[in-house]
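Taking it in order: structure first as structure tokens, then the write-up.
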């Protein structure tokens, strides 16, 4: 091979290497996509529902590090490295992220160990921001914020004094206890039910539910009963109904 021919090949190979390096650099500039599968975001949640942080990262490049922190009105935690990915832990891939088997290496699953709550990741009443920071093998980082609202306060449930009443039930005359009251919550009341003296447990028919506040009235057989109100976060308030004397 002549020197000129050799130089021509060197130029071609150098140009190809530069092109590949340019493509690699271009791929490296892509930020990873981050999705949280737990806890449910932008919702009123009980404290027990956020004792887990799990999610996925979708990227063209290997993920070197996933870190999580919680920011609340009272402060923020430090960045905490989370459990290394489990490549076959793809049972709860976010909607729209289903990939053919040959491309599943682009997915990284991460999870915060339950024993880290609340010692290292502490959630507070009210709004909390979960921040996830992903660093790729190329050193580039991406951060995404997820908002969750912690609600540990039960609804406010108030009952008025009950009233005994005699009613006709078919051929029998029975005594019932009429009761009424009001319930309210900072988010939404989702159900109000009564545990009756006869052992039944039924929801009261309140048209507006779920709603922040409501009035109700009903009747049960005479005897000790309990009204239970539940909010959107699952917090419950209970008030006993004492039969009138």
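Residue numbers (this note's numbering): 12 to 256.
From the three backbone atoms N, C-alpha and C, an ideal C-beta is built for every residue, glycine too.
None of these values were measured; they are calculated from a predicted model.
Run of the beta strand (DSSP E) containing residue i, from where it starts to where it stops
i	result
residue 161	152-161
residue 235	Note, residue 235: premise wrong, no beta strand (DSSP E); not H, not E.
residue 140	137-147
residue 265	Given a span of 12 to 256 for the chain in the structure shown, any question on residue 265 remains unanswerable.
residue 45	44-49
residue 121	118-122
residue 196	183-206
residue 213	212-214
residue 83	74-83
residue 70	Note, residue 70: premise wrong, no beta strand (DSSP E); not H, not E.
residue 209	Unbroken run through residue 209: none, as it is neither H nor E.
residue 218	Taken as a continuous stretch (DSSP letters only), residue 218 belongs to no beta strand (DSSP E), as it is neither H nor E.
residue 248	247-252
Close beta carbons around residue i, own chain, < 6 Å, minus the five adjacent residues each side
i	result
residue 140	82, 156, 158
residue 73	148
residue 42	153
residue 47	66, 157
residue 257	No answer is possible for residue 257: the residues shown for the chain start at 12 and end at 256.
residue 249	237, 239
residue 246	165
residue 60	50
Nonlocal neighbours in the same chain, by C-beta distance under 8 Å from residue i, ignoring five residues either side
i	result
residue 123	63, 64, 65, 79, 91, 93, 94, 132
residue 171	190, 191, 192
residue 136	161, 162, 163, 164
residue 219	225
residue 87	80, 81
residue 169	192, 193, 194, 250
Same chain, Cβ closer than 7 Å to residue i, five either side skipped, listed in chain order
i	result
residue 204	212, 213, 214, 215, 239
residue 195	166, 167, 223, 224
residue 231	187, 188, 205, 207, 208
residue 76	92, 146
residue 89	80
residue 199	221, 222, 223, 242, 243
residue 8	The first residue shown for the chain is 12 and the last is 256, placing residue 8 beyond what the model contains.
Cβ neighbour criterion (16 or more within 10 Å) applied to residue i
i	result
residue 252	buried
residue 45	buried
residue 51	exposed
residue 173	buried
residue 38	Model confidence at residue 38 stands at a pLDDT of 48, short of 50, so the residue's coordinates are unreliable and nothing is read from them.
residue 241	buried
residue 255	exposed
residue 243	buried
residue 143	buried
residue 68	buried
residue 178	exposed
residue 119	buried
residue 71	exposed
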